[in-house]
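Report on the following structure.
4 protein chains.
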Amino acid sequence: VNFELQPVTEPGRRYVALAESHVADLALWRVAHDKDGTFVAESIAALKGSGLLAANVPRELGGLGNTSIHDQMVALSRLGRGDGAVAIAANMHAIFVYFFARDWRAARAAGNAQAAEGLGELLSAIGRKEATYCFFFTEPGTDVMHPRAEVTRTDGGWLLNGHKSFVTLSEAATTTRASFKLVDDRGVAHLGMALFPIDRTGIEIKYNWDALGMRGSGSHDVVLHDVFVPEGDVVLLGEYGAYSEFFLVSAALSNLGLIACFLGVAEAARDEAVRLVTTRRTSGGKLLAESPAVQHTVAEMEIDLAVCRAMLARTGQAANAFLAAYAPGAAPMAEMHELNRDFQCTKWVVNRKAIEVVDKALQLSGGSGYLSRSVLSRLYRDVRAGPFMQPFSPNEAFQYIGKVTLGLDPRIE
Amino acid sequence: VNFELQPVTEPGRRYVALAESHVADLALWRVAHDKDGTFVAESIAALKGSGLLAANVPRELGGLGNTSIHDQMVALSRLGRGDGAVAIAANMHAIFVYFFARDWRAARAAGNAQAAEGLGELLSAIGRKEATYCFFFTEPGTDVMHPRAEVTRTDGGWLLNGHKSFVTLSEAATTTRASFKLVDDRGVAHLGMALFPIDRTGIEIKYNWDALGMRGSGSHDVVLHDVFVPEGDVVLLGEYGAYSEFFLVSAALSNLGLIACFLGVAEAARDEAVRLVTTRRTSGGKLLAESPAVQHTVAEMEIDLAVCRAMLARTGQAANAFLAAYAPGAAPMAEMHELNRDFQCTKWVVNRKAIEVVDKALQLSGGSGYLSRSVLSRLYRDVRAGPFMQPFSPNEAFQYIGKVTLGLDPRIE
Amino acid sequence: VNFELQPVTEPGRRYVALAESHVADLALWRVAHDKDGTFVAESIAALKGSGLLAANVPRELGGLGNTSIHDQMVALSRLGRGDGAVAIAANMHAIFVYFFARDWRAARAAGNAQAAEGLGELLSAIGRKEATYCFFFTEPGTDVMHPRAEVTRTDGGWLLNGHKSFVTLSEAATTTRASFKLVDDRGVAHLGMALFPIDRTGIEIKYNWDALGMRGSGSHDVVLHDVFVPEGDVVLLGEYGAYSEFFLVSAALSNLGLIACFLGVAEAARDEAVRLVTTRRTSGGKLLAESPAVQHTVAEMEIDLAVCRAMLARTGQAANAFLAAYAPGAAPMAEMHELNRDFQCTKWVVNRKAIEVVDKALQLSGGSGYLSRSVLSRLYRDVRAGPFMQPFSPNEAFQYIGKVTLGLDPRIE
Amino acid sequence: VNFELQPVTEPGRRYVALAESHVADLALWRVAHDKDGTFVAESIAALKGSGLLAANVPRELGGLGNTSIHDQMVALSRLGRGDGAVAIAANMHAIFVYFFARDWRAARAAGNAQAAEGLGELLSAIGRKEATYCFFFTEPGTDVMHPRAEVTRTDGGWLLNGHKSFVTLSEAATTTRASFKLVDDRGVAHLGMALFPIDRTGIEIKYNWDALGMRGSGSHDVVLHDVFVPEGDVVLLGEYGAYSEFFLVSAALSNLGLIACFLGVAEAARDEAVRLVTTRRTSGGKLLAESPAVQHTVAEMEIDLAVCRAMLARTGQAANAFLAAYAPGAAPMAEMHELNRDFQCTKWVVNRKAIEVVDKALQLSGGSGYLSRSVLSRLYRDVRAGPFMQPFSPNEAFQYIGKVTLGLDPRIE
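Chains as they are written, first to last, in my numbering: chain S, 50 to 462; chain G, 50 to 462; chain X, 50 to 462; chain Y, 50 to 462.
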């Protein structure tokens, strides 16, 4: 199976092998959580316990030392084979660790001891399996470039108010990062971010996640009431509503892991369908796999998976190359739009094809796949989450890709 | 909206208007049943109470006197806008009534008073809102042309044993029809059918329906233990496993109503999506509907619905013409294959496009459509039931259509 | 074949039968013209000679008396089976005759003897096989709502200058109608039209049609140098660049015949493919039709044709109903947009599916279909003309359909 | 443009750069040959003259020393941007040289001086720009695994009779290889091959290539009348009609270059479409590129190209790895089927998407793209050749992919 995603670095190989070792348990544990919509606590605990959530932590700080965003994508796709909800939760945390470690390496390379030390502490806490990260990012009724959550001045810092949604992993996180609008003293609006402990006063997790699929991901709403953010903890990431490295690179690469989770979901559906048709027989006694129509449908699935894998592999390699070529903050805007344009192509294709693969697996299952007890009916619900992930919605992605390709201003109308 | 399905007869217009009057209630009542998987009892009671379930009963026997299979299809599509589970349950019953009434008219036209009387009694019981029908048809692990349920000789009749599944409406039915294998004294295998009360000894409804969607349809498994079937109640419908009028015409036309239910599901999704984009605004304050990408997606949905409606209208009219041209039992085999081939084209397209319309409605909804409380997340689960309905699965339909078109023996391999 | 288009009126049946009688000759004669790009003169002469081009002329004025736009669509689809270039040329002329006859009936119904007489003369000339019509409509570099051809004042009328393209049938036409911009004395710009003989001074047919397909249609460029248009011959059809009955109804219904031509092209490809696979054998001696993959592809073609036929039938019937419901000039704007929206759905689907059917026929042909001598290679070139026909291009159609559906101003941006 | 194919070796970079230097001339020269169907002699002469046709010849024998099948694929895609007919002709020759050079390296590594010397002479003749190769392979009415051309015993060798078709490059070739059936003395049928000069007695090139597209490729029929093949020149490649390394590896990798040619054709169409929409304006004066619908269509093309490029890149790299892992004759059958299965996925996708990209470019062109003088109308004809290339036809490919995936006997029925 040459198209199957494979790690390209040695630490990545360990990361992927570790992910594979969890798949069977995740698939088992997911059943009850999917049914009652409760958080996949034991699965996340297992990933934490095995060190998988510390895979990006440098070896000297207690991790596997993975530096390949491509290989992290592969590892997440493997988790997705077991439980998509766990995989997207793991991605949420892992992307933080990836960028902390990247910044730590950059700080060390630049001789910036203070930054290196601070990041090193964050990474060590993860290496010691003490810290888990989530993100207060999405909000209802607006897009991620325009958060309505906003900070206002208070003594020694800011007070943050707002309403966040889809806060995956919120039940297990120790620490979170929030995005918000910050209007400075000159009236200029910025995109601001801050890290803080998730038990800080004023943070109300609503425990209300109840969705079509990904039911174990704990993606609750979170309401923020006058959450205090110390002055020094605020990071400004560029003009409010404008493209920046954060959106074009960091958000895109976070999403790369996400869409790999959906490849894993599709792969699980494909495996189940192949299992069914190679074990069940028609009323006439023939193996279903011997039917030309079944072979045709299996070929369609195989082609769709090949497309997904080829695009993910190429995009992951391009991401590795991009991150190697440019230090944080150093990439030209045009290059970042090219990277993001290519990523948006991959995202659209993989999310769509993953849905189609699951649909075809259901087609091969006969009516049994429609029953709640079938893994296929669960995968059908999970896989549809993919296209909702921002940025961009499918509606926006075509506009963005077209504009970048045509050399026009790529703002979404 | 010229493509919207419209009745073509006067009784049909009353049927459709009656169906429309139920839509809002069905949509309301479905919510709880969808959540806990319980049967839509009050919705079915309402359809019974209003006379909708007697629409095909001749006026002199207490019904609306509908004789148009096309118009019944339209009425079912309207029910599907409110609740797909109710619509497919109503179809199950209605198709029986339709053929009882057709046979009654044929018996009267042929001067067969005895047959007319017997059918008249069945119809009158429906007209009096006393009888509701379901069908013991599908079985796990085989197709509907090859039931494994089988009768064996006993005094004065037969004993029926078997295991049926997907018995929609079983909770509300008073009467059922079962399909089975009957091997006669010469060793020839036939497809047999019989009508009997659903409370007959030996019938065990398993109350185990728990599926991805259509959760309120009560489509339980039913186990048959030595159910007694009197000699005279058995009807033989042709050679076991062979094509017959029952499969090519009756089963196809039953399915015509079914796929219309899925059009209704898609129409409901489209309406909800249009409602969302014409009331919600972007972070910049523009109505979502003003976005070119939203307009493009809405156009795709509109085109898909136009395709479904055009095919259903044409197939419904062809079905009306076919039923008018041939008395029961009189249609040539080649004509029946043509009818069924055309129906299979329509079935495949409508089931597929209905799924795509719901998918696009989700796309337009942003993340909110993925929440359990969104009607779109319910429609996404319901609409996927369409392609499972036999005959034929999508895997088989292409083979069948191709063979009939090419003039080959149309048996499925 | 229940989905096949069939006439719904008695004169329409004669029209269609006449069209069918020409198919074999058209298919024969097309070969040489397709090769060298010359006009299909003998085919057009045959249609004229048989009275087909006078089918819409009232019986009392020498025609077949067809009044059904649906049935004309069916007749044109039949011509398309023989030669798409002839069919689109016949459509160009026939749509004129259709609207002349409709206006003649309206004038008679309204007791407008003068108008009836004028139109009666035009129709009689067609009935006597003397007049053939083409249209100076499309122009390079602009759309048909914004002609750059323009009239300027001169003694007793106007001088028309401009450059028209895609003037199908220009080699055989006796008379033409031109669209142009007319700025009145108050500076208001109108869309103007005028009928005049094609040999009027200043009309230069360029005889330069050389295209991928439809090579026999004689769709030359025409340059207009100070062509004199008498004052009384100018008809104003509404504000320049604005929607009007002309665009929303007449242009749409002209296009309905056009897209039916492409259905005919697709049907010819399907027939050829079926012929090939039911006569050729594999190296192993099996008929190609016995291959499951061939059956699958044939089923795909059959489904695509069913979709096209269902949509055309329904749109043709809707058009008949619309024309019956509203006298010329009497339809409300919203109704006209609904009609045109529905037509645009049909147009997009039929043009696209026709292309796909031809593509699949090629797929079934093996390499032999790629040779110039194969009818399939000709149909592949012809069928791609469909989406170019204005209004609207596929790029615009989605926008238009979306806007009308969403209740927005349907102007194209 | 990260998805664009790029060479991965240093000699490959020179190969690709050389190919790029020819593009403009090929595009210019193709016009006349496409019109009159004559062979692209000056283009092939230019490729020969520049050394491009010797790119796979080892440096010490006068070539560029390319050893990467991936990079050859990239170079051929570049030629395809200029003229698809030239590109497929170049592929025909280049794949011979590639395998000669591979065998030469293997022979040297194995210390087989005699084989190395013979192959070295062939390669030197190519390095000296003296020899050009074509292939007598395809035949009408059978597939390439079952040639009907056959050899019969004669003194000192064999007499070859048969009829070959699609013999691309036959006008320029000095040498050819023929496939044929050879029944040995025990009655066992083999697939045989032999190399011989193209001017050998009995070879009749029919000079009859006249096709929809690829009109300059000189892909004539060739009739073989008692062509003498010396005993020692016959190579047996396995059982007649059975899978072998020749079919699963060599034929697949020949096709890899072919499909890359069609990527080049699609890229040329995309570039032309982008040029048009970024220079033309609507009647209202706006650049076409500013239209949301145009941006949407451009995005669709970009996504399709990204898919093609990702799959080709991954398949090319897999091919490089396969050729590095296994010496000629050493690969296990199952591995070869996996390689070919993956290749068939890529082939199907790239051929189909290339067609769609050209179709969308036409859509963006408005009517001007349909004229014979438009490069897009030429690309539309050329690009459709892709799916005809054996093995396998699309009809067969799905069956093959499905069977290999399901672990069934992968013979085509």
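Ideal Cβ positions, reconstructed from N, Cα and C, are used throughout, including at glycine.
Keep in mind the model is a prediction, meaning the values are calculated, not measured.
Give the DSSP bridge partners of residue i, in chain order.
i, result
"residue 183/G", "225/G"
"residue 230/Y", "199/Y and 240/Y"
"residue 207/Y", "202/Y and 278/Y"
Can you tell me the Cα-Cα spacing of residue i and residue j, whole angstroms?
i, j, result
"residue 187/Y", "residue 125/Y", "21 Å"
"residue 283/S", "residue 319/G", "43 Å"
"residue 178/G", "residue 391/G", "35 Å"
"residue 246/G", "residue 376/G", "28 Å"
"residue 155/X", "residue 373/X", "11 Å"
"residue 301/S", "residue 369/S", "13 Å"
"residue 68/G", "residue 101/G", "7 Å"
"residue 353/G", "residue 409/G", "10 Å"
"residue 175/Y", "residue 64/Y", "15 Å"
"residue 367/Y", "residue 359/S", "11 Å"
"residue 294/G", "residue 281/G", "21 Å"
"residue 211/S", "residue 286/S", "19 Å"
"residue 75/X", "residue 349/X", "28 Å"
"residue 128/G", "residue 147/G", "17 Å"
Listing by chain order, which chain S residues have their CB less than 7 Å from the CB of residue i?
i, result
"residue 153/Y", "Those within 7 Å of residue 153/Y in chain S number zero; the least Cβ separation is about 27 Å."
Does the beta-carbon of residue i have 16 or more other beta-carbons within 10 angstroms, so that it is buried, or is it exposed?
i, result
"residue 274/G", "exposed"
"residue 14/X", "Missing from the structure shown is residue 14/X; chain X here goes from 50 to 462 and no further."
"residue 204/X", "exposed"
"residue 235/G", "exposed"
"residue 321/S", "buried"
"residue 117/G", "buried"
"residue 160/S", "exposed"
"residue 237/G", "exposed"
"residue 201/X", "exposed"
"residue 80/G", "exposed"
"residue 59/G", "exposed"
Note down, in chain order, every chain Y residue with its Cβ under 8 Å from the Cβ of residue i.
i, result
"residue 352/S", "394, 397, 398 and 450"
Taking residue i as the query, report the chain X residues whose CB atoms sit under 8 Å from its CB, ordered along the chain.
i, result
"residue 246/S", "What residue 246/S touches in chain X: nothing, since even the nearest Cβ is about 46 Å away."
"residue 355/G", "360, 391, 394, 395 and 398"
"residue 3/Y", "The question about residue 3/Y has no answer here: the residues shown for chain Y are numbered 50 through 462."
How would you list, in chain order, the residues of chain G whose beta-carbon sits under 7 Å from the beta-carbon of residue i?
i, result
"residue 359/X", "359, 360 and 363"
"residue 332/S", "191, 192 and 195"
Who are the neighbours of residue i on chain Y, taking C-beta pairs under 9 Å?
i, result
"residue 341/G", "340, 341, 342, 344 and 345"
The ligand MG and residue i: does the residue's C-beta get closer than 7 Å to at least one heavy atom of that ligand?
i, result
"residue 157/S", "Among the ligands in the structure shown, none appear at all, so the ligand MG cannot be discussed."
Using a cut-off of 8 Å between C-beta atoms, extract the partners of residue i located in chain S.
i, result
"residue 259/G", "420, 421 and 422"
Let me know the alpha helix (DSSP H) ranges lying completely inside the region 120 to 177 of chain G, each 4 residues or longer, listed in chain order.
-> If we require 4 residues or more, the alpha helix (DSSP H) runs fully inside the region 120 to 177 of chain G come out as 133 to 158 and 162 to 176.
Ignoring anything shorter than 3 residues or poking outside the region 64 to 110 of chain Y, list the beta strand (DSSP E) runs there in chain order.
-> Taking only runs of at least 3 residues, no beta strand (DSSP E) segment lies wholly in the region 64 to 110 of chain Y.
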